[in-house]
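These notes concern the structure reproduced below.
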Amino acid sequence: MDDIEVGDLFDSDDSGRLDSAHESNLDGQNWPEFNLDNDMSNLKLQVILEARGKPILTMMETIRTNIMLLIVKKKKEADKIKGILGPNIKKKLDVNIKDSLRCVPSHTGGDRY
4 MDDIEVGDLF DSDDSGRLDS AHESNLDGQN WPEFNLDNDM SNLKLQVILE
54 ARGKPILTMM ETIRTNIMLL IVKKKKEADK IKGILGPNIK KKLDVNIKDS
104 LRCVPSHTGG DRY
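The opening residue of the sequence shown carries number 4 in my numbering; numbering runs sequentially from there.
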């Protein structure tokens, strides 16, 4: 078993099929080209790049710390909200209420409308 080459395990047709499957887009969508090194405008990516070159424990600690800071920031923003609904949910609810004024129930028989 030690003297079997990896190339012997696949036919030439299989290796071509595997290479083309690797290069093709599996979900059929055309995703934009993404380059982690050049897209420094996103702050989350900067955190990942900062942690990427570190040892694994330091990297995990850096990511954990940044997630905790993000949770605290979101909690402070949520504490500023007055009432039971946030502003985005309130806007969506107002739009749905406004649209529902045009709805008229029609009887379909029995107890159903």
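Cβ coordinates follow ideal geometry from the N, Cα and C atoms, glycine included.
> In chain order, what residues of the same chain lie with their CB nearer than 6 Å to the CB of asparagine 69, ignoring the 5 residues before and after it?
Replying inline: As a working note, residue 69 is residue 66 in the sequence shown. Excluding positions up to five away in sequence, the list reads Val50.
> Counting along the chain, where does the alpha helix (DSSP H) carrying serine 103 start and finish?
Replying inline: Position 100 of the sequence shown holds residue 103. 90-103 is the extent of the alpha helix (DSSP H) around serine 103.
>> Here's a check: name, in chain order, each residue in its chain whose Cβ is nearer than 8 Å to the Cβ of glycine 89, leaving out the five neighbours to either side.
In response: Position 86 of the sequence shown, counted from the start, is the residue given in the question as residue 89. Excluding sequence neighbours, glycine 89 sits near Ala81.
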